[in-house]
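Numbering (UniProt numbering), first residue to last: 1 to 161.
Glycine residues also receive a C-beta, built at the ideal position from the N, C-alpha and C atoms.
All values derive from a computational prediction rather than experimental measurement.
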Amino acid sequence: MVAQRLSALLWEERELLELLVFKLEEEQLLLTSGRSRWLQHATREVEQVLERLRAAELSRTVTVAALAREWHVSEDATLRELADAAPAGPWAEIFTAHLQAMTELTSKIRELRDMNEQFLRAAARSAQETLAGTSSGGATYTANGATAVGSTGARFVDQQI
């Protein structure tokens, strides 16, 4: 039955969303602890989960289209529309529960993504400030090609010229 297949795919997608939440929390722990050495690995794992989610989404889209034809609904129907169009029986409740759980998971993912982005921006800003504080003044070149440090004192500019 197509509805059972869709429900199984939705469970798989929910598991992947939960895995994505875990990976984003893992990434956040690395960011907050300053363990940037492992950040690239955590980011790669997030990207791998996202690839798996894209594949699951494609399977779900195909299955939704098949079920929509069976239930005489538009082939690009949303999960809410399928739940509303479900025949008498448990499918309306099952699809509504899937929708609610997936909505909560995507909200949590969005929140984690935003927090991680803030941590990354703060870390980048801190690194830039550190580099700016440690770099010496810009050297210039003399007429014979040797480096010479420019004066760091105040300069007056005659604006009347």
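Coarse secondary structure for residue i, derived from DSSP in three states
| i | result |
| --- | --- |
| A88 | coil |
| A55 | helix |
| S74 | coil |
| R35 | coil |
| V21 | helix |
| F156 | coil |
| M1 | coil |
Supposed close pair residue i, residue j - CB separation, criterion 8 angstroms
| i | j | result |
| --- | --- | --- |
| Q28 | M115 | 6 angstroms |
| L16 | R52 | 6 angstroms |
| E13 | A66 | Incorrect: roughly 16 angstroms between the Cβ atoms, too far for contact. |
| T63 | L6 | 5 angstroms |
| A85 | W71 | 5 angstroms |
| R113 | L30 | R113 to L30, Cβ: 15 angstroms. No contact. |
| R60 | L131 | Between L131 and R60 the Cβ distance is about 46 angstroms, and since that is not below 8 angstroms, they are no contact. |
Per DSSP, cross-strand counterpart(s) of residue i
| i | result |
| --- | --- |
| T147 | Y141 |
Does the segment 9-29 come within contact of the segment 105-114, defined as at least 3 CB pairs closer than 8 angstroms? yes
Quick one: any contact between the segment 115-130 and the segment 90-100, if contact means 3 or more CB pairs under 8 angstroms? no
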